[in-house]
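The numbers in numbering that gives the first Met the number 0 rise by one with no breaks, and the one at position 66 of the sequence shown is 65.
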Amino acid sequence: MKRIAILTSSRADYGIYLPLLKALEDDPFFELQIIVFGTHLSPFHGYTINQILNDGFEVSFQIESMLTGDSPNAISTAMALTSLKFADFWKEHKTDFDLVFCLGDRYEMFAAVTSGIPFNIPFAHLHGGEKTLGAIDNIFRHAITLASKYHFVSCKEHGERVAELIESKDNIFDIGALSLDKLKTLPLLSIEDFNIKFGVNLNQPTILVTVHPETVTPEKNQKNVEELAATLLELEKYQVIITLPNADTNGTLIRKKLLQLPAESVNGIFCFENLGSQGYFTAVKYCSFLLGNTSSGIIEAASFGKYVINLGNRQEGRKQSQNIYNMPFNKTMIVQSVAEIENNPDYLGENIYYKGNAAQTICFFLKNID
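Shown next as structure tokens:
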């Protein structure tokens with residue numbers, strides 16, 4: 000039996016982990032323990048630990064370390080607090096896990112992982128080797144890669160970048176995007192049930208919007224969200240579903256502006272802290288297109304045949320399928336792209352991140368590595 004721990008700090012990484020969590024839990028070869036921290040434990044961000052519990056998983060550990068503010072000082076302090084909390088945690092549990100999974104590029108994940116380095120905690124990193132030049136997360140991701148023993152990457156190019164970083168081609172496994180596994184089995188809501196649960200009729204033309212701060216150029220966030228708001232109000236033929244931003248610097252600034260829009264809209268603008276995986280991907284399935292700067296637009300949207308208007312620099316550097324329109328936060332350019340999508344609404348190309356059975360592939364490797 001192998002003792003596998005999963006570090007999850009947010010709704011975003013939990014949604015990606017979900018197929019792996021189910022595969023590990025269903026296989027008696029593995030003993031699964033889930034370590035919850037970050038915004039999962041923040042009421043301000045929806046207390047999304049409840050989503051994990053409602054999905055039937057047992058949470059083994061809860062580690063609180065987040066602050067409510069999102070200033071650079073607050074985030075730096077939260078990183079320090081996370082490191083302190085995990086220093087105590089790793090000291091107590093350093094021999095309890097055969098492997099600890101970490102994912103992505105969040106600052107709190109960086110703090111949790113790097114605090115484990117002195118204890119020789121064996122980490123396995125998902126989604127390493129990617130680039131997001133518009134976010135400081137790029138630095139955190141590469142540091143997590145360097146701290147990890149095993150690397151499960153989403154495409155060949157990202158594996159090559161990991162090899163450059165660690166100066167070795169060993170222990171790098173190209174499995175595709177893990178999150179795409181769940182799209183085959185996730186029971187999506189009907190349009191009627193979505194309306195009952197969220198109060199939004201997806202029979203109407205709908206834009207699905209998620210915008211996070213650009214943390215490399217934080218001075219642009221105010222102007223960006225003002226331009227986005229003006230654009231959404233101009234696109235009157237569409238209703239808009241907005242999922243609110245994460246805990247990065249200036250997230251509150253963006254959140255405040257977006258929350259003003261429902262009162263100003265003609266055709267309906269709806270803001271949600273968290274739709275959950277089922278609700279979110281139901282919205283992806285039935286929306287007209289996606290707009291914003293979230294990784295789900297880059298990785299998952301193509302599997303639903305949806306086009307994405309990707310704004311700004313946050314996702315710059317990530318490999319893309321052919322369903323992406325890249326542009327700045329510019330109302331004129333966005334409206335022009337909307338017109339193009341209206342003339343050709345269905346994306347029929349491939350999703351470059353899909354390989355299939357990523358969770359089972361990970362489990363196979365885990366059974367065959369030391």
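Here a beta-carbon is modelled for each residue, glycine too, at the ideal position from N, C-alpha and C.
The region 241-253 makes contact with the region 271-278: 3 or more CB pairs, one atom from each, lie closer than 8 Å. Looking at the DSSP output, histidine 124 sits in a beta bridge with Cys101, His150. Taking C-beta separations shorter than 7 Å and ignoring five residues to either side along the sequence, the partners of alanine 300 in its chain run Val283, Leu289, Val307, Asn322, following chain order.
The C-beta distance from serine 147 to serine 114 rounds to 14 Å, too long to fall under 8 Å, and the pair is not in contact. At a Cβ-Cβ threshold of 8 Å, tyrosine 353 and serine 302 count as neighbours. Under the 8 Å Cβ criterion, the region 25-37 counts as touching the region 7-16, having at least three qualifying pairs.
With the rule of 3 Cβ pairs closer than 8 Å, the region 161-181 counts as touching the region 342-359. Beyond the five residues adjoining it in sequence on each side, arginine 313 comes within less than 7 Å, by CB distance, of Thr131, Gly133, Ala134, His211, Glu213, Asn292 in the same chain, given in chain order.
Going by beta carbons, isoleucine 120 and valine 99 fall inside the 8 Å limit. Under the three-state reduction of DSSP output, cysteine 270 falls in the strand class. Minimum Cα-Cα distance from lysine 183 among the listed residues Leu17, Leu365, Phe363 corresponds to Leu17.
Annotated as distal: phenylalanine 172 and phenylalanine 139, with beta-carbon spacing of 8 Å or more. Counting only residues of its own chain and dropping the five nearest sequence neighbours on each side, threonine 230 has a CB closer than 6 Å to the CB of Lys330, Ile333. Scanning its chain for C-beta atoms nearer than 8 Å, with the 5 sequence neighbours on each side dropped, one finds around methionine 108 the residues Leu6, Ser8, Asp12, Gly37, Cys101, Leu102, Phe139, Ile143, in chain order.
Here alanine 262 is exposed, its C-beta having fewer than 16 other C-beta atoms within 10 Å. The beta carbon of leucine 185 sits closer than 7 Å to the beta carbons of Ser276, Gln277, Phe280 from its chain, once the five residues preceding and following it are set aside; these are given in chain order. With a cutoff of 8 Å on beta-carbon distance, threonine 251 and proline 217 are scored as not near each other. With distances taken between CA atoms, glutamate 349 lies nearest to Gly304 out of Leu310, Cys362, Gly304, Gln335. The beta carbon of aspartate 26 is closer than 7 Å to those of Cys362 in its chain, skipping five residues each way along the sequence.
The beta-carbon distance between leucine 40 and glutamate 63, rounded to whole angstroms, is 5 Å. This is short enough to meet the 8 Å contact definition. Relative to aspartate 369, the option among Leu145, Lys256, Glu315, Phe96 whose CA is nearest is Phe96.
Per DSSP, the continuous alpha helix (DSSP H) segment holding aspartate 192 begins and ends at 190-197. If you ignore the 5 residues before and after leucine 80, its C-beta comes within less than 6 Å of the C-beta of Ser64, all in its own chain and listed in chain order.
Of the other Cβ atoms in all chains shown, fewer than 16 fall within 10 Å of the Cβ of alanine 338; this residue is therefore exposed. Scanning its chain for C-beta atoms nearer than 6 Å, with the 5 sequence neighbours on each side dropped, one finds around phenylalanine 60 the residues Ile34, in chain order. Between glutamine 238 and threonine 205, the CB-CB gap stays under 8 Å.
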